[in-house]
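K.L.:
Sending over a structure as structure tokens; questions will come in a sec.
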Amino acid sequence: MGAFLAKRLAQAVVVAFGALTLVFVIVRAVPGDPAKLIVGPDASAGQLESVRSDFGLDDPLWRQYVDHLGGIVRGDLGDSWRLGGSALTNTLDRFPATLTLALAALVLTVAIGITLGMLCARRPGKVLDLVVSTGSLAGQAIPSFWLGIVLILLFARHLDWLPATVDGSPAAVLLPAFTLSLPFIGWLARLVRSSALEEGAKDYARTARAKGVPEGTIQYVHVGRNIAIPVVTVLGLLMGNFIANAVIIEVVFSWPGIGSLMVDAITNRDYAVVEAAILTITLSYIVLNLFVDVVYFVIDPRLTPEDA
Amino acid sequence: MSATRTGPPVADAALLRIRGLHAGYTVPGRSGLRRRRVDAVAGVDLTVRAGQTVCVVGESGCGKSTLARSVVGLLEPFAGSVSFAGLDLASAGRRQRRRVAHDLQMVFQDPYTSLNPRMRVADIVAEGWRIHRGRVAPGDHAAEVARLLGLVGLDPSYAGHRLHELSGGQCQRVSIARALALRPRLVVCDEAVSALDVSVRAQILNLLADLQGELGIAYLFISHDLDVVRHIADEVAVMYLGTIVERGTAAQVFGDPQHPYTRALLSAAPSVRDRPDSATEVALTGEVPSPAAPPSGCRFRTRCPLAADVCATEAPGLRARGDGEHPAACHFAGQGAAAAASAEAASVEAASVEAAEEKQA
Amino acid sequence: GVGSGAPRGALRAAFGQPVTDLDPYNAATAVDEASLIVKRLVFDTLVRREGKTLVPGLAAKWRRDGDTRWVFTLRRGAVFHDGSAVTARDVVACLEHTRTVVSAQTPLWATVTGAEAPDDRTVVFTTDGPLGSLPVNLTLLFIVPARRVADPAQKRSPIGSGPFRVTGFTPSTSVELARFDDYWGGRAESPAVSMPYIAETSTAITALRNGDIDLLWPVPPDQLPEVTGVPGIAVESVPSWTYYFNWFNCSRKPFTDPDVRRALCHAVNVPQIVESLFGPGGRQMRAPLPATVAGHAAQEPWAYDPAAARRLLARAGLGRGFTTSMMWFDATGPLARELAQAMISAWAGIGVTVRPQSIEKAMWLERLNSLDWDMNLQTNTVTTGDAAFTIGRLYDSKANRLGYRNPDLDAVLARAAATPEGPERDALYGDACATIWSDAVGLFPVTLVTGYGRARELTGFTPAANNQPDLAVVGRR
Amino acid sequence: MSSTAAADRPAAARTRSALGTARRVPVRVWIGGGVLALFVLAAVVGPVLHPYDPVATDLPNRLLAPGERTEAGAVAWLGTDQMGRDLLANLLAGSRISLLVACATVLVGGAVGLVVGLVSGYFGGWPDTIASRVGDIQLAFPSILLAILLAGVLGPSVTNIVVTLAITRWVVFARVARASAMATRRLDFVDSARVLGAGHLRIMVRHVLPSCWQPLLVAATVQVGLVMVAEASLSFLGLGVPVDTSSWGATVSVGRDYLGSAWWISTMPAVALALVVTAVGVIGDGFRDVSDPRSRI
Amino acid sequence: MSSTAGDGVRTTGAERSPAARLRGLHIGFGGRGGERPVVRGVDLDLVPGRVTALVGESGSGKSLTALALMGLLPAGARVGAGSVEIDGRDTAGFTDAQWRRLRGTKVAMVFQDPMAALNPSFTVGWQIAETLRRRRGTGRRAAREQTVELMRTVGIPDAEHKYRAYPHELSGGMRQRAVIAMALTLDPAVLLADEPTTALDVTVQAQILRLLAARQADTGMAMLLVSHDLGVVARVAQDVAVMYAGRIVETGALDDVYTGPAHPYTRGLLDAVPDPARPGRLVPIDGQPPAPGHRPAGCAFAPRCPYATETCRTDDPPLVPLAASRPGPATGQHSVACHHSDRVLDRATSTEVPS
Ligand SMILES: Nc1ncnc2c1ncn2[C@@H]1O[C@H](COP(=O)(O)OP(=O)(O)OP(=O)(O)O)[C@@H](O)[C@H]1O
Ligand SMILES: Nc1ncnc2c1ncn2[C@@H]1O[C@H](COP(=O)(O)OP(=O)(O)OP(=O)(O)O)[C@@H](O)[C@H]1O
Ligand SMILES: [Mg+2]
Ligand SMILES: [Mg+2]
């Protein structure tokens, strides 16, 4: 386990490093001069120069890169020119909101997805099954910003059940979380359904039947335990997906998370914030993956470190 | 095959010579970082002469397939040499090796997985000619395929079929036709008939025997089915945990087994004809050790009814005693069967699950 | 989160753009409406604008002392949010600091040569010539404690002497303000103000209709029907100081030829576009300035006459039309994309092919500054409500903002800048308007009418032309 | 030989191998295929029959509801958009771009992914390690953000959108191809080809590649949908197709402000998008079921 | 065991009444119109105290026959006709709950692949104890004790410790013992063993077969041993039934059938096994079994049969007791479904096959 973790950590470091480099390069490849955004269109050339040197924008790229890496080692990702203060602090201030949203979406996905999947697996080929399998495809096809607005119009404007914006009440998370999770609910339901059917057709289920175990017990205990493994893996990935996909939903719902921060930072060429935000997302993705690997070990008795 | 050989006279030269072969796999080590070598084949010497059938028998996991795979070059040996027709395959370059490739073919256990399900029978059979250009002119492929299919007892009209339209026995025939297409001198058959039903198995065994008769092919035949081995083998090698523990002609090994493992194997094998007699049955206890951590000394000692102190310290070599070529790797191989039997009987008392069962039975 | 933590009874007001920082001297937001709204609640200025007139702010009174001196006397009893008194030294420090920062405000202070504080309550400004607009300009100089002028912490938690203090600020998301009880002008009506930023129009409209927010502005012209006639919501409109212009790059062919520019102006049916696209949300422009801005002088609108346009093009040797491009960024104003498309469609009618270039703001800025464009569509706000801010700043040859050079105009603008408020100054800017209009340096289609949607229960609300309503006097019934 | 050819008859109903077995195609797949065919047809001939000029605006007729008549008396079957252009014509023109972008992206991403996945899955070792790590890095990097940044770097054009989206997608295909290549590499028939003396290239192309097609196609059907949605999302963020090009995603995006008042502008293309994606998905499902007997109900 | 001919003539013999009985069992796939018959009219009696072997080629319907006795036919399979009687009761129209009550107590089953038959996510002990807890309501502790005891009886060493082991931690042989223990938990009256040793090595196979035989002898239950391996059958069974293409073509006491096969197919099977006493060419059965749904009219074996005549191609022979029942053990009536059993028997000693 220890060795396995070490190996995974080493991989994670490589991945994080690669992601960092990628952001660094690509952010700087995007045309648009942050200095001009900082000082506005009326600035003189001298003024631009001084801003550039303040933010280290006049150094050669490799130098900036080295400084950047050095900064990361010290936990310093630079300052946001736009928001003031450390980019990392700005990002971390926003992270809990994104996490809340992602978690809420995860809870919705799991609750609805697993229930639907299990129901479909009990009666494959029946109406519910067809509706869910077709619906899940359609769910992935709906642009989330469109869905978000439609939901707002429906539940906030016409029915007035839920707030349209973040008003501090727990109900405010429902619409964005649902919008975020919809494409994945059907997807998870399908995964659960097909795993349940696949597992249910395995010999061990027949063995349990031969022992006289009732069908419900077989599905939820015998099969359920085995489905847990693919499902848990998927949940970690889902969580990562949610954090990343929150970008658009946060904009639609004015959710004060890391996604809307990042869109704003990209538009305004606030390099430090873009880097800090992407680093945060990437790291959380990596950590989630590690977590999933560990959980895997805990719930799947078959695995040994050599399976890693 | 001894019983039916009618073909060309057997040249006494060794076609395949395996010396001190170590082969196997690397697996992630305990630490998960460094990889560890597992010698699934640990020091095997074996010779196959032209036109001869050599059988390797042994329990699952003893390294039979590993041996076969290193012979045909699918696996790089860790140590030792495999030389075919005088060419040392391990030291040969890719080109040299390709030159003997057609002389050395293999038939796999599962006819369905060893043939590409997406190809037509004709393409499967002709694939070798496309790789080794110049052996059969492209224009002659169709005719040659038809001839080969006829040779293995398939109607040439099958050339255009796909595998899923064929039965297991027919697939195995295609597999054999494919191996024969390059006119090999040695065919390695790894459990080539194990997946087949008895009646089909008999058809294929007959076919192999006929081909040997007609074309003088040598077989390295791997099986765990003793009935089959006894029927076709010129020579038998019994394998246990990566090593050969006994070798001899079929008559020698089956009629006068020297190694306790051979005896156990023979008595455990189900047979239609001789019902086992629980009095003479040699029951093995314990589990097969992993090739990753073989026991010290004699590899069989952990399950051996005859095991003594010497077995733990000293690995018995594969030694021939006195007359003939019938070596066995056992410290007690020289002792008569009676002595062995009494030792075995004594060991039965010695604890273990099996003993408990025996009493109940 | 947005509005979370806002106390009961707080005024919830949503503006159409995000507030990104609260530093009164940050160049990037010096004329940014969203932050100005908040800054006006948090900070004081010496002079304030009420409607068309200037009224005392921190300065109780002021006078001109000769051509180059202005004397301002501060009022008693003004204190900063941290309890310290507002002194003349603070004002001087603020002015000195703002002159070191290059921003859109820089030209406003260019002629101010210094400021002194002879005593705690007197500030003396000296200028290098007569500067009639100084009191107007001072409506943009926010006063902070002298020790904080250069403090970067101001971006997040500034200290001012205004009616509200900042209790929470999430950039681009929300600002939370609480009433400052020691405000010299008396306590604000609302105990608190919460200003969420709602990016999506539909979400914002819904929030207003549901009562999630009390005030929303500007309501995009297209969305006005969505809030008019809704029970509990009142809609008020006021012509704003914000307007659209489409500049021609006068240094680039074929726009170097005024006839080509005029042809393009004739080709667009501006009244129809304003009518069907903006409706009550816009007014056709008759000058390169909104009609409500000081210095505006109405001109004869360009007739919609495609035939004339063709003739002009033919005269310029472009009888078969030409291909050019137009750049803008979508967020520049409401219906920007639609306006662009409507104009492009009109130009297609006279054989001019225009490639639409809807680009990101950062790139737009980059290209704008380097004059790397054919046509540029954008909104502009006369932040001070005075022609000097716009015309004086943009059309000067030295500014070279659109490749247009006209020494006569430069002279007129220079004279206007030196003239104190009054009919003479207005006449000079009127001349400038006429020149800019007839030279067709740009097409000026529409002044925006800001629609304010508010809960009917709000009291004391007055819509503001500069999009910066005074929320301190807004209460709740 | 005792057994003769005459005695061997093909076992007609072998269930062992699913390949080529003409299993019954479910009704769902027919419906999906029909819907897709309809849209493809519309994309091909629609713009010819009902042309759309993205430049020509018609402000007096803006925001007409479906079925209303324009001033000229023509019926706007799906209504008009905020510029008074006919929405039906817009959708027909948009279907071309949307389908084109989706297909091109999947083709480009799929081709790159296939090659990378095949090589890394077949050879393993360091090529695999490198490809896997690069894939990890990209997967850890949120794809929509990568798309935003790339779209910013490349600037707005249909080609650039294809490039952008293909870059964010190739990993998925690479993973799928790698998984099949790795699974196939272990199969006996690959070994048997090697015993015949076949080289790596031959084995990859003749034996490993064919087994990658099916999973790749199934993955492609999923990706087509995701790509179309991603294109819409880029439009939402202002990085979509150029203004004078019409695509469903762009129309959904610009019409969203009117969802409260003129719902049809954004909803019609969204429905079209959902229909096509669902149809493709249903076909993909059917394809998977036919190719993988285990996943049958 | 005893078999009856079509009209149900009971054999003599003093054996107890069968614990399970199949009569004219038909099983088919794909009910909707295109029925594909797979098992066609199987009669089988499982008698307490005896081991009956069901042998035949792959796909001949052995497993389905056994599964029908458990009420566990796979999805899509239907019992078309005939009856499954367990403990004297016809199970036709049994509900799920009724079947559940029979399973484990009246009939239990040992499956072929011990790895697949065990749930990988639960400990072996839990899986064995589950039967006790759910069916008998035994308490946690008691169930555990009984389970450990049971594991010991089937020869799992160190049972206390192995109780907590997961299936993957056990060797194939140990797993199969666990599966056997699971089947024996409730002392079933009939034990069905479907290829219980196919996945195992010869030496382990021998151990498991001995164990099964020992348990069966101890408890006196009836046992059905399904196998395609004639050698395995020879080790354990007393009676044997040979299946071909969904029918039982020959049945009788093991010795009778092995030494004097009366059906050409049985003969073919036995001849196809290499015999050291008869070196040289093997004698295979030509051709291959027909696919279900493509069976010829008449005797299904006719196309491969060296004895086949015109009658065979039109009339499917019934399973009838051999006219001159051979002297020998009285337990199994030797019956055969062949028009030419006499000719087959006559040549039983000859190695030549008629051409
Ligand atoms: N790819 C592999 N990686 C690691 N170990 C392997 C691999 N393949 C086989 N082994 C191990 O090598 C040993 C020998 O395997 P091999 O396949 O040669 O046995 P075998 O005698 O052919 O068995 P069987 O009769 O089951 O085919 C076994 O212990 C097996 O677990
Ligand atoms: N789930 C199923 N769906 C369709 N056909 C099936 C199914 N299970 C079995 N069959 C068919 O029923 C026939 C009999 O199957 P069965 O499993 O009883 O054979 P068997 O004698 O046990 O063979 P084996 O020795 O291979 O286990 C076979 O032809 C098989 O193709
Ligand atoms: Mg093997
Ligand atoms: Mg079976």
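Chains D, R, V, Z and A, in that order, give the protein sequences. Whatever position you read off the first sequence (first residue = 1), add 2 for our numbering. Whatever position you read off the second sequence (first residue = 1), add 127 for our numbering. Whatever position you read off the third sequence (first residue = 1), add 971 for our numbering. Whatever position you read off the fourth sequence (first residue = 1), add 37 for our numbering. Whatever position you read off the fifth sequence (first residue = 1), add 4 for our numbering. Backbone N, C-alpha and C define an ideal beta-carbon position, used for all residues, glycine too. Please read these numbers as outputs of a predicted model, since none were measured by experiment.
Near R1427(V), which residues of its chain fall below 6 Å by C-beta distance, leaving aside the five closest residues on each side in sequence?
P.N.:
Start at 1 with the first residue of the third sequence, and residue 1427(V) comes out as number 456. G1203, A1205.
K.L.:
State the Cα-Cα distance for the pair V1245(V) and L86(Z), rounded to the nearest angstrom.
P.N.:
As a position in the third sequence, residue 1245(V) is number 274, starting the count at 1. As a position in the fourth sequence, residue 86(Z) is number 49, starting the count at 1. Approximately 33 Å, taken between the alpha carbons.
K.L.:
Would R1127(V) count as contacting chain D if we go by Cβ distances under 9 Å?
P.N.:
Locating residue 1127(V) in the third sequence gives position 156, counting from the first residue. At least one chain D Cβ lies under 9 Å of R1127(V).
K.L.:
Any chance the CB of G291(A) is under 8 Å from a heavy atom of ligand 1?
P.N.:
Here residue 291(A) is taken as the residue at index 287 of the fifth sequence, counted from 1. Flag unset: Cβ of G291(A) not near ligand 1.
K.L.:
Whose Cβ in chain V lies nearer than 9 Å to the Cβ of L253(D)?
P.N.:
By one-based count along the first sequence, residue 253(D) stands at place 251. Before going further, note that residue 253(D) is Val rather than Leu in the sequence given. Result: A1170, E1171.
K.L.:
Who are the Cβ neighbours of V194(A) in its own chain at under 8 Å, not counting the five residues just before and after it?
P.N.:
Taking the fifth sequence and counting its residues from 1, one reaches residue 194(A) at position 190. Excluding sequence neighbours, V194(A) sits near A23, A24, L50, L73, I90, K110, V111, A112, M225, A226, M227, L228.
K.L.:
Return the chain-ordered list of same chain residues with a C-beta closer than 6 Å to the C-beta of F211(R), the five sequence neighbours on each side being excluded.
P.N.:
The count along the second sequence starts at 1 and reaches residue 211(R) at position 84. Excluding sequence neighbours, F211(R) sits near L143, V227, L231.
K.L.:
So, at 6 Å on beta carbons, what are the nonlocal neighbours of V266(Z) in its own chain, with the 5 sequence-adjacent residues on each side left out?
P.N.:
Residue numbering aside, residue 266(Z) sits at position 229 when the fourth sequence is read from its first letter. Here the set comprises nothing.
K.L.:
What residues in the stretch 1185–1216 of chain V have a beta carbon less than 8 Å from any beta carbon of chain Z?
P.N.:
Against chain Z - using a Cβ distance shorter than 8 Å - the residues of the stretch 1185–1216 of chain V are P1191, D1193, Q1194, P1196, E1197.
K.L.:
Pull up the CB-CB distance for R317(A) and P294(A), whole angstroms please, since I reckon it's below 8 Å.
P.N.:
Counting from 1 along the fifth sequence, the entry for residue 317(A) is found at position 313. Counting from 1 along the fifth sequence, the entry for residue 294(A) is found at position 290. Going by Cβ atoms, the distance from R317(A) to P294(A) rounds to 13 Å, so no, they are not a contact pair.
K.L.:
For T58(Z), which residues from the same chain have a beta carbon less than 6 Å from its beta carbon, with the 5 sequence-adjacent residues on both sides left out?
P.N.:
Mapped onto the fourth sequence, residue 58(Z) falls at position 21. Summary for T58(Z): the model assigns pLDDT 40, below 50, so the residue's position carries little reliability; its value from the coordinates is reported in the next sentence. The answer is none, since no qualifying residue turns up.
K.L.:
Does N247(D) come within less than 9 Å of chain B when only Cβ atoms are used?
P.N.:
This model lacks chain B altogether, as its protein chains are D, R, V, Z and A.
K.L.:
Measuring only the C-alpha atoms, how far is W1344(V) from E1331(V)?
P.N.:
The residue labelled residue 1344(V) in the question sits at position 373 within the third sequence. The residue labelled residue 1331(V) in the question sits at position 360 within the third sequence. Spanning the two alpha carbons is a distance of roughly 14 Å.
K.L.:
If you reduce the DSSP assignment to three classes, tell me which class I1315(V) lands in.
P.N.:
As a first step, residue 1315(V) must be located in the third sequence, where it is residue number 344. I1315(V): helix per DSSP, three-state reduction.
K.L.:
Pick out whichever of R195(D), D35(D), A248(D), L164(D) has its Cα sitting closest to the Cα of T269(D).
P.N.:
Here the question's residue 269(D) lines up with position 267 in the first sequence. Comparing Cα-Cα distances from T269(D) to each of R195(D), D35(D), A248(D), L164(D), the minimum goes to D35(D).
K.L.:
Is it a yes or a no for the stretch 1347–1360 of chain V touching the stretch 1209–1228 of chain V, going by three-plus beta-carbon pairs under 8 Å?
P.N.:
With a cut-off of 8 Å, the stretch 1209–1228 of chain V and the stretch 1347–1360 of chain V count as touching, because enough Cβ pairs lie within range.
K.L.:
By the 10 Å Cβ neighbour count, where 16 or more other Cβ atoms means buried, how is P1089(V) classified, buried or exposed?
P.N.:
Here residue 1089(V) corresponds to residue number 118 of the third sequence, with the count starting at 1. Looking at its Cβ environment, which holds fewer than 16 other Cβ atoms inside 10 Å, P1089(V) is exposed.
K.L.:
Can you tell me which of G147(R), I145(R), R162(R), R146(R) puts its alpha carbon nearest to the alpha carbon of T153(R)?
P.N.:
Against the second sequence, residue 153(R) aligns to sequence position 26. If we check each option's Cα against that of T153(R), R162(R) comes out closest.
K.L.:
Taking the C-alpha atoms as reference points, what is the distance between T282(Z) and V133(D)?
P.N.:
As a first step, residue 282(Z) is located in the fourth sequence; it is residue number 245 there, counting from the start. As a first step, residue 133(D) is located in the first sequence; it is residue number 131 there, counting from the start. C-alpha separation (whole angstroms): 35 Å.
K.L.:
Measure the CB-CB distance between T491(R) and G424(R) and report whether it falls below 9 Å.
P.N.:
Here chain R comprises residues numbered 128 to 488, so residue 491(R) is not present and cannot be evaluated.
K.L.:
With 16 other CB atoms within 10 Å as the buried threshold, where does K66(A) fall?
P.N.:
Numbered from 1 along the fifth sequence, position 62 holds the residue referred to as residue 66(A). Looking at its Cβ environment, which holds 16 or more other Cβ atoms inside 10 Å, K66(A) is buried.
K.L.:
Can the beta-carbon of T1084(V) be found less than 9 Å from the beta-carbon of T1039(V)?
P.N.:
Along the third sequence, one-based indexing puts residue 1084(V) at 113. Along the third sequence, one-based indexing puts residue 1039(V) at 68. Yes, Cβ-Cβ distance for T1084(V) and T1039(V) is below 9 Å.
K.L.:
For chain A, is any of its Cβ atoms less than 9 Å away from the one on E217(D)?
P.N.:
Here residue 217(D) refers to the residue found at position 215 when the first sequence is read from its first residue. Closer than 9 Å to some Cβ of chain A, the Cβ of E217(D) qualifies, so yes.
K.L.:
Evaluate contact between the stretch 252–269 of chain Z and the stretch 1152–1161 of chain V, counting only Cβ atoms and requiring at least three cross-stretch pairs below 8 Å.
P.N.:
No: the two stretches stay apart, fewer than three of their Cβ pairs being nearer than 8 Å.
K.L.:
Kindly say whether Y295(Z), judged by its beta-carbon, lies nearer than 9 Å to any beta-carbon of chain V.
P.N.:
Here residue 295(Z) refers to the residue found at position 258 when the fourth sequence is read from its first residue. So yes, Y295(Z) belongs to the interface.
K.L.:
Going by alpha carbons, who is nearest to F186(D) out of A210(D), F147(D), I116(D)?
P.N.:
Along the first sequence, one-based indexing puts residue 186(D) at 184. Answer by Cα proximity: I116(D).
K.L.:
I'd like to confirm the pairing. Which residues does DSSP put opposite A1086(V) in its beta bridges?
P.N.:
Counting from 1 along the third sequence, the entry for residue 1086(V) is found at position 115. Answer is F1096(V).
K.L.:
T207(A) versus chain R: which residues are under 7 Å apart at the beta carbon?
P.N.:
Taking the first residue of the fifth sequence as position 1, residue 207(A) is located at position 203. Those are E186, A391, L392, A395, L411, listed as they occur along chain R.
K.L.:
Under 7 Å, CB to any heavy atom of ligand 4. Which residues pass, going along the chain?
P.N.:
Working through the chain, the matches are K66(A), S67(A), Q116(A), D198(A), E199(A), V230(A).
K.L.:
Quick check: is the beta carbon of A465(R) nearer than 9 Å to any beta carbon in chain Z?
P.N.:
Mapped onto the second sequence, residue 465(R) falls at position 338. Here the model assigns A465(R) a pLDDT of 48, short of 50, so the residue's position is not dependable and the matter cannot be decided.
K.L.:
Report yes if the C-beta of C249(Z) is less than 8 Å from at least one heavy atom of ligand 1; otherwise report no.
P.N.:
Position 212 of the fourth sequence, counting from 1, holds the residue named residue 249(Z). No - ligand 1 has no heavy atom lying nearer than 8 Å to the Cβ of C249(Z).
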